[in-house]
Amino acid sequence: MAIRKVFLSKSCIATAITMAFSAGAHAVDFEVGDGWKGNWSSSLSLGTSWRAKNPDSTLYGKANGALVGKTNGTGNNTIDVGNLNYGEGDTFTTQLKFITEVGISKGTMGAFFRGKAWYDYDLQDENVRLGNQPNGYNNYNAGTNSLGDREPLSDHQYERLTRFSGTYLLDAYVYDTFQVAGNPLQLRVGNQVVNWGESLFIQGVNQINPIDVPSFRKPGAQVKEVFLPVPIVLANQTLGDLGNVEMFYQWKWRNTPIEAGCGNYWGVAGGAIGVNPGSCNNAVSLVNSPQGEAGGLFVNTIEGNKPSDSGQYGIAFRTYAEAIDSEIGVYAMNIHSRTPVISLQFGSQTGAGSNVPFAAKWEYPEDIKIYGLSLATNLYGWSVGAEVSYSKDVPAQIDGNDLLLSGLGATGLVNGSSIPFGPYGAGAIKALGSDGYLAGYTRTNKTQLQFNTIKVGNRILGADQYLFVGEVGFQWNDLDTDLRYNRPFIFGPGSDATYGGSTCGALNVNQEGCSTSSNGYITPFAWGYRLKMDLTYNNVLNSGVTVTPSVYFAHDVEGWSVDSQFSEGRMALGLGAKFSYAKKYTLELNAVKYNPNADFDPLRDRDFYSATFSTSF
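The sequence shown lines up with residues -27 to -1, 1 to 590 when you count with mature numbering (1 follows the signal peptide of the UniProt record, and there is no 0).
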């Protein structure tokens, strides 16, 4: 019984831990063929989000800012196009989305399919202030260094899940149960989600499935679309009273789609982030973004390295420890990176209209090994989970500004002659001499400890039910602290003796970025916590409407983690209210505010409001 109570608590929270709603299900049952039974359900939603405040002048540069009438920018470079495309009150997404799913079964056999279709009116049809590379930066005129008529963004050659409209097959798998030595063996084959470990908000062991970042950030996001199914063979063998063992083999690699580039509201990069940049290949310009493209004064992004489809597998063992009334899990897996790092390539192949003799490329390192141990139990009416994980050979991104400046120094674009400029300058000169490659990352080992709790009850503020969720995480790495890693690019380089003895100010107009030589870079230790509270009021004023106000708070307390989960000082406060009628119609309103004083959070000015209406059938 104790194990079952823990399982139920975890499944109940699945939809509650997102910032957006999940509509109730109204399924249609049917029968086909000889004894096959089916179930079909769908949901339709329309959601919009709009900006709550104007851009922070420290998060856009003077060159790009001047093109849209903002001349006070102090950001260090052109990683600001998305921020400049939207002002206070501008909608940045209005999406119509349809999700449908069907399952059929006969005895122990069955199959399940889920897909979605979407159309984002704002991205597809609404004009923006600066544009992006695929739309010609709003008809930029190089002769006058000015923009033309405003146009919508273009998603030409975008990765499928980052496009402004489309369809996508999510889950698609078959399953059956067999008897092995008197115990059931469950087998599932196809596109599916596998959930390991006890994490709720903070990712730990649970790294098998990529996260659909564009979907997560849209109003009306549902858990069922955020965690992307991947092609897997999954086997779960019950071992009687000993517990069960579960194994997976992933036969095709899938990445985490990231829309944070090329003019998007959440942009923290210049070009597209992924293996193939397509028509969004301007990583960073040496002048303003459109002028750099027109004059060849930009760092091109070339096709990156896609990892192998093979070599991804894992095993988990779970057992119930009666002495402590807890479920214990042990995990081990080998996977390839779902998110990329950026490196430099020198030589003639850099091409595509750029006069800069090196290019950037995104790549996904292989063979990350993850080991974990988890515990789940109930204490005094609280569901409690704990997890410790050890990730070996995790790619750590070398600081982007240091990487860029090493390339500029090697190619003579700093002072006219080739010099070993910056911490990685010698490596860049060596790569230049052989038309070679300069890796933009090193490997590290990461240890993470996290605890979470869930409590369901009533009689708080008159609510019929309340739901509280909390999680805290601590992370360590063993990186060489003499090197600098992964500070957000807009803040520019920090001071460093390897920059020819020059002061930071000679290279960086962003005084925030110059304030210290160490802040904002990955630290050996980081930690933070997440809290969420929902209150449910049924049949308010006898209207048949259920009202669920909610509050969410995230706080990264100390340090900058290697996987960007923690960024010191970053905070997010989310306030929401959901109105449901007949478990069929839902209206949800949300407001999200970030901490404007988080020194190295490039998204600290992206406060927004959202509203979503949904129906299920």
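Just so it is clear, CB atoms sit at the ideal spot from N, CA and C, and this is done for glycine as well.
Uninterrupted beta strand (DSSP E) stretches inside the region 128 to 157 (no shorter than 3 residues): Here the runs fully enclosed are 138 to 153.
Where the alpha helix (DSSP H) through Pro263 begins and ends: Element bounds for Pro263: 262 to 268.
Beta-bridge partners of Leu480, as assigned by DSSP: Beta-bridge pairing links Leu480 to no other residue.
Helix, strand or coil at Ala499 according to DSSP, with G and I counted as helix: Strand at Ala499.
Segment contact flag, the region 540 to 553 with the region 421 to 431, C-beta cutoff 8 Å, min 3 pairs: Cβ pair count under 8 Å is below three, so no.
Length of the line joining the Cα atoms of Thr588 and Ile275: About 43 Å.
Burial state of residue 593, where buried means 16 or more other Cβ atoms lie within 10 Å: In this structure the chain extends from -27 to 590, so residue 593 is not present and cannot be described.
Pair within 7 Å by beta-carbon distance, Glu360 and Glu171: In this structure, Glu171 lies closer than 7 Å to Glu360 by Cβ.
8 Å contact criterion, which Ala369 and Gln448 should meet: CB distance rounded: Rounded to the nearest angstrom, the Cβ distance from Ala369 to Gln448 is 12 Å, too far for a contact under 8 Å.
Under the three-state DSSP convention, the category Ile297 falls into: If DSSP states are grouped into helix, strand and coil, Ile297 belongs with the helices.
For Lys566, the nearest candidate out of Trp23, Gly76, Gln438 (CA to CA): The candidate whose alpha carbon is nearest that of Lys566 is Trp23.
Whole-angstrom C-beta distance between Ala436 and Tyr510, which should lie under 8 Å: Yes, Tyr510 and Ala436 are in contact; Cβ-Cβ is about 6 Å, under 8 Å.
For Asn563, three-class secondary structure by DSSP: Note: Asn563 maps to strand in three-state DSSP.
CA-to-CA distance, Lys70 to Tyr558, given in whole angstroms: Between the C-alpha atoms of Tyr558 and Lys70 there is a straight-line separation of about 15 Å.
Beta-carbon proximity of Gly76 to Asn12, cut-off 7 Å: Yes, the Cβ-Cβ distance between Gly76 and Asn12 is below 7 Å.
Where the alpha helix (DSSP H) containing Ile371 begins and where it ends: For Ile371, there is no enclosing alpha helix (DSSP H), as DSSP marks it with neither H nor E.
Residues bridged to Thr426 [DSSP beta-bridge criterion]: Paired residue(s): Val357, Gly443.
Beta-carbon gap between Ser14 and Ile72 smaller than 7 Å: The Cβ atoms of Ser14 and Ile72 do not sit closer than 7 Å to each other.
Asn273 versus Gly244 - alpha carbon distance: Cα-Cα distance, rounded: 9 Å.
Assigned secondary structure, Lys79 (DSSP; H/G/I helix, E/B strand, else coil): Here Lys79 sits in strand by DSSP.
Neighbourhood of Gly493 by C-beta distance below 8 Å, restricted to the same chain and skipping five residues each side: Arg460, Pro461, Phe464, Gly467, Gly486, Trp533, Asp572, Phe573.
Whole-angstrom distance between Glu531 and Ser188, CA atom to CA atom: Roughly 29 Å separates the two Cα atoms.
Rounded C-alpha distance that separates Tyr337 from Asn374: Between Tyr337 and Asn374, the C-alpha separation is close to 20 Å.
Which listed residue (Thr350, Pro263, Ser310, Ala256) has its alpha carbon closest to that of Ile297: The option with the nearest alpha carbon to Ile297 is Thr350.
Outcome for His48 when other beta-carbon atoms lying within 10 angstroms are tallied against a minimum of 16: Residue 48 is actually Gly in this sequence, not His. Here Gly48 is buried: its Cβ has 16 or more other Cβ atoms, across all protein chains shown, within 10 Å.
Contact under 7 Å by Cβ, Phe586 with Leu548: Judged by their CB atoms, Phe586 and Leu548 are not nearer to each other than the 7 Å cut-off.
Same chain only: Cβ atoms within 7 Å of Gly478, ignoring 5 sequence neighbours per side: Cys487, listed in sequence order.
Candidates Arg577, Tyr286, Ile231, Gly380, of which the one nearest Pro313 by Cα: That would be Ile231, whose Cα lies nearest to the Cα of Pro313.
Residue range of the beta strand (DSSP E) that includes Ser188: Here Ser188 belongs to no beta strand (DSSP E); instead the alpha helix (DSSP H) covers 186 to 189.
contact_flag[the region 217 to 228, the region 110 to 122] where n(CB pairs < 8 Å) is 3 or more: Output reads no: the region 110 to 122 does not touch the region 217 to 228.
Local Cβ density within 10 Å of Pro157, reported as buried at 16 or more and exposed below that: With a threshold of 16 other beta carbon atoms within 10 Å, Pro157 falls short and is exposed.
At least three beta-carbon pairs within less than 8 Å, the region 194 to 201 to the region 249 to 263: The region 194 to 201, when compared against the region 249 to 263, does not touch it at the 8 Å Cβ threshold.
Bridge partners - Ile392, DSSP secondary structure assignment: Residue pairing by DSSP places Ile392 in no beta bridge whatsoever.
Supposed contact pair Tyr344 and Tyr304 - C-beta distance, whole angstroms, cut 8 Å: 7 Å between Cβ atoms; contact.
Under 7 Å between C-beta atoms of residue 592 and Asn228: With the chain covering -27 to 590 only, the question about residue 592 has no answer from this structure.
Euclidean distance between Cα positions of Gly309 and Gly284: The sequence given here places His at residue 309; Gly does not occur at that position. Annotation: His309 to Gly284 spans about 8 Å, alpha carbon to alpha carbon.
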